[in-house]
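So the structure is just underneath, and the comments pick up after that.
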Amino acid sequence: MLCAGKKSYFAAAVCIITVTSMLAISYLRLQRLSHQPKVIQEGRRCRGKIANSTITALKGNKTFIISPYFDDRESKVTRLIGIVHHKDVKQLYCWFCCQHNGKIYVSKAKINVHSDRFGFPYGAADIVCLEPENCDPTHVSIHQSPHGNIDQLPRFEIKNRKAETFSVDFTVCISAMFGNYNNVLQFIQSMEMYKILGAQKVVIYKNNCSHLMEKVLKFYIEEGTVEIIPWPINSHLRVSSKWHFMQDGTHIGYYGQITALNDCIYRNMERSKFVVLIDADEIILPLKHPNWKTMMNGLQEQNPGTGVFLFENHIFPETVSSRMFNISSWNTVPGVNILQHVYREPDRKDVINPKKMIVDPRKVIQTSVHSVLHAYGKSANVPMDVALIYHCREALQRDLPRESLIRDTTLWRYNSSLIMNVNKVLSQTMLQAQK
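Residue numbers (this note's numbering): 146 to 580.
Written out as structure tokens, the structure reads:
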């Protein structure tokens, strides 16, 4: 009646805005209430089979759970890293069993499919559930329905429940190792460069590799440097080795790389000060600093409040070699000797070089390969005169003559330590030719 009695356009506009605002507030309140945990059973013991696989398929094979993580940066939630069909998965529910009171709570999940799907039907997803109050659940089960029997559902341990002191400064995340990977020499060189530059941990999502590579991985696992996350994604989905969809019947791009990267960030959120997101043929090379620690100290001072640092990728073609560092004892080891590849391709006109990142994991919500999708705080592009990504691989600009390439011997600053360390690994893994 109040609205009807007003003749002026202004009053009508105010009335419409007021009603719309009230409806929006009511809708948001209902949405929040629909996601609040509700008790559905009492006096129950927590049962269900503990999930031990890296990738667990839910009923119907449209949702795959990697791991749940406790996340209290905004409110107390369990955030599950997973893979879902972007159209077919509409509703999921978290089932929490609270040990201390025997109550089972069900919480409706928010399903956030990451925007960087690149056309594939399946993509990385955050499945986020509010936790029940006064419970601190240790495990969670996921179901398409709020009704049923929790005893029949797999239970996932919720990681990051306890805040820890950082055990390392830098963790390198490599995803995913596939295609019977056998670039043994370059892998060892990259590993030793990471250690020289300051990495204490390297996490590898391994689909498969050669027998020789398994031997090298075993050495680094026993050394305490490498952590292997089994990544049998092709047991569940038709995977592509390409990053964009080719209309070829595949389900997910590049062996689920984006999902693995997100899992690696959350897996190391409480134990590593920084996480380095690169491939095994990439090295972030500081130009003004001796190592990553001093470089990051400087970058953080210059960029307060920044949690994401992006470094330009530069190609050093493996087809163009220098005569220096042709070490005969390495010639029997399969793979590329990066010390012989110090010519980089020039920038291409109107082409932006892709970037890789060093991030503060506690400031990242979702990441893609070359940028962070959602984060707290700012991102900063690191100038090329501070650091660049040395990426030794096949050429992108294949028709360039050698004279058009740029000689860049930054890597050689580390040659003495690198050669000594690589020889040690080759000797201890019995890969080096005996003299």
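From the three backbone atoms N, C-alpha and C, an ideal C-beta is built for every residue, glycine too.
query: What does the Cβ neighbour count give for R543, buried or exposed, with the cut at 16 atoms within 10 Å?; result: exposed
query: Since S549 is in the alpha helix (DSSP H), which residue starts that stretch and which ends it?; result: Looking at the DSSP string, S549 is not in any alpha helix (DSSP H), and its letter there is neither H nor E.
query: Excluding the 5 residues flanking F263 on each side, which residues of the same chain have their C-beta closer than 8 Å to its C-beta?; result: W388, H389, F390 and G398
query: Excluding the 5 residues flanking L576 on each side, which residues of the same chain have their C-beta closer than 6 Å to its C-beta?; result: V478
query: Can you give, in chain order, each stretch of the beta strand (DSSP E) that sits fully within the segment 491-562 and has at least 3 residues?; result: 500-504, 509-512, 517-520, 523-526 and 532-538
query: Inspect the CB distances between the segment 508-521 and the segment 252-260 and report whether three or more fall short of 8 Å.; result: yes
query: Just to confirm, is the Cβ distance from Y214 to N305 under 8 Å?; result: yes
query: Can you give, in chain order, each stretch of the beta strand (DSSP E) that sits fully within the segment 218-276 and has at least 3 residues?; result: 222-230, 238-243, 248-253, 255-258 and 267-275
query: Here's a check: name, in chain order, each residue in its chain whose Cβ is nearer than 8 Å to the Cβ of E539, leaving out the five neighbours to either side.; result: P462, E463 and T464
query: Under the rule that 16 or more other beta-carbon atoms within 10 Å means buried, what is K194, buried or exposed?; result: exposed
query: Which residue or residues does DSSP assign as beta-bridge partners of M322?; result: K351
query: Near T395, which residues of its chain fall below 6 Å by C-beta distance, leaving aside the five closest residues on each side in sequence?; result: R383 and S385
query: Please report the Cβ distance between A270 and V229, rounded to the nearest whole angstrom; I am assuming they are in contact, meaning their Cβ atoms lie under 8 Å.; result: 4 Å
query: Tell me, please, whether the segment 317-336 touches the segment 431-440 by the rule of three or more beta-carbon pairs shorter than 8 Å.; result: no
query: Alpha carbon to alpha carbon, how far is C243 from V251?; result: 11 Å
query: Looking only at its own chain, which residues have a Cβ that is under 7 Å from the Cβ of G227, when we skip the five neighbours before and after it?; result: T208, F209, I210, I211, A270 and I272
query: Taking only three categories from DSSP, how would you classify R412?; result: helix
query: With 16 other CB atoms within 10 Å as the buried threshold, where does I287 fall?; result: buried
query: Name the residue from R493, Y400 and C537 whose alpha carbon lies nearest to the alpha carbon of S466.; result: C537
query: Give me whichever residues DSSP pairs with I373 in a beta bridge.; result: I349
query: What does a CB cutoff of less than 6 Å around A425 pick up in its chain, not counting 5 residues either side in sequence?; result: I319, F332 and S335
query: Give me the Cα-Cα distance between R558 and E457, rounded to the nearest whole angstrom.; result: 20 Å
query: CB T404 to CB P299, shorter than 8 Å?; result: no
query: Give me, in chain order, the residues of the same chain whose beta-carbon lies closer than 7 Å to that of E278; leave out the 5 immediate sequence neighbours on both sides.; result: none
query: Taking the CB atoms as reference points, tell me whether F315 and P282 lie closer together than 8 Å.; result: no
query: In this structure, how does DSSP classify V453 when only helix, strand and coil are distinguished?; result: strand
query: Hey, how far is the Cα of Q289 from the Cα of L422?; result: 33 Å
query: Classify N442 as buried or exposed, calling it buried when 16 or more other Cβ atoms lie within 10 Å of its own Cβ.; result: exposed
query: Is it the case that the Cβ atoms of K340 and E372 are separated by a distance below 8 Å?; result: no
query: Would you kindly work out how many angstroms separate the C-alpha atoms of I483 and I503, rounded to a whole number?; result: 22 Å
query: So, for K313: in the same chain, excluding its five sequence neighbours on each side, which residues have a beta-carbon less than 6 Å away from its beta-carbon?; result: Sequence check: residue 313 is Val here, not Lys. Excluding residues within five positions, the ones whose Cβ falls inside 6 Å are Q345, K346 and S417.
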